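Reviewing the structure listed below.
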Amino acid sequence: MQYNTTTNYNAPSLQEYATTKMAPEPFHRKGRIIALAATIVLTSHGISTDNYKSSPSTLNEAINIYNSEKIEERYNENLITLELKEILQDREIWEREEIFISELSIFNAINFVENSIKRYGLPSPNIEVHPDGQTSFTWRKNKIGIVNIAFDDNGLATWAAYFESPKRSIKGNFMVKDSISEEERNIIKKISGIC
797 MQYNTTTNYN APSLQEYATT KMAPEPFHRK GRIIALAATI VLTSHGISTD NYKSSPSTLN
857 EAINIYNSEK IEERYNENLI TLELKEILQD REIWEREEIF ISELSIFNAI NFVENSIKRY
917 GLPSPNIEVH PDGQTSFTWR KNKIGIVNIA FDDNGLATWA AYFESPKRSI KGNFMVKDSI
977 SEEERNIIKK ISGIC
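Residue numbering for the sequence shown follows the numbering used here, beginning at 797 and increasing consecutively.
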């Protein structure tokens with residue numbers, strides 16, 4: 797993964813870059829999450845990030861470490877949690893679109909990451925925010941199907957899955973404080989194409 801930009805700017809440190817809105821085009825949210833993951837790796841290698849400037853060349857070096865260390869897999873749940881927390885931080889932006897983020901729904905999604913995704917090594921979902929402010933996770937794969945888990949304010953997770961072949965749909969719910977059932981885990985893995 798290579799990021800190139802000719803934008804001239806006063807380069808912040810990698811940590812500042814990862815935790816503020818200082819990043820120029822084309823980095824945005826995913827870039828900040830990658831930079832944060834790279835920070836985790838650099839720190840684990842004993843490399844100080846304080847003066848590690850996020851110019852294109854040095855940021856690419858950090859991203860190379862990120863890729864070589866397979867951080868997407870090793871820190872999978874951390875990246876999902878970081879993105880959920882970023883949604884909370886961006887509430888004012890969402891509210892301009894008249895979407896009022898439910899903090900409780902976000903917290904329940906984070907609990908699900910801890911209780912189920914991290915515990916059972918489930919694949920990364922796409923994070924979605926709905927017009928009512930609720931958060932959900934979606935896994936989909938062409939020609940296999942789609943599964944969505946939505947988190948309400950009271951700790952209830954409601955899920956629905958649709959399979960392409962044979963065509964069928966199933967749904968259910970569970971409390972986030974409980975870990976996801978084996979049946980539900982298998983549905984996510986099957987739709988993600990990993991079993």
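C-beta atoms are modelled at their ideal positions from N, C-alpha and C, and glycine is treated no differently. Predicted, not measured: the structure shown is a model, and the values here were computed from it.
For ILE945, the enclosing beta strand (DSSP E) stretches over residues 941-947. The region 930-948 makes no contact with the region 887-896; the number of CB pairs closer than 8 Å stays below 3.
Scanning ALA905, LEU884 and GLU960 for the CA closest to the CA of ILE895 turns up LEU884. Residue range 922-925 is occupied by the beta strand (DSSP E) that includes ASN922.
Fewer than three pairs of CB atoms, one per stretch, sit closer than 8 Å, so the region 963-970 makes no contact with the region 902-910.
Secondary structure note for SER898: it is in no alpha helix (DSSP H), with a DSSP letter that is neither H nor E. At a Cβ-Cβ threshold of 8 Å, LEU880 and ILE902 count as neighbours. The Cβ atoms of LYS939 and GLU960 lie closer than 8 Å to each other. Unbroken alpha helix (DSSP H) stretches of 4 residues or longer found wholly inside the region 930-984: none. Looking at the backbone, the Cα of GLU893 and that of SER920 are separated by about 26 Å.
Excluding residues up to 5 positions away in sequence, VAL943, ILE966 and ILE983 lie with their Cβ nearer than 6 Å to the Cβ of ALA957 in the same chain. If you draw a straight line from the Cα of ILE990 to the Cα of ILE897, it is about 32 Å long.
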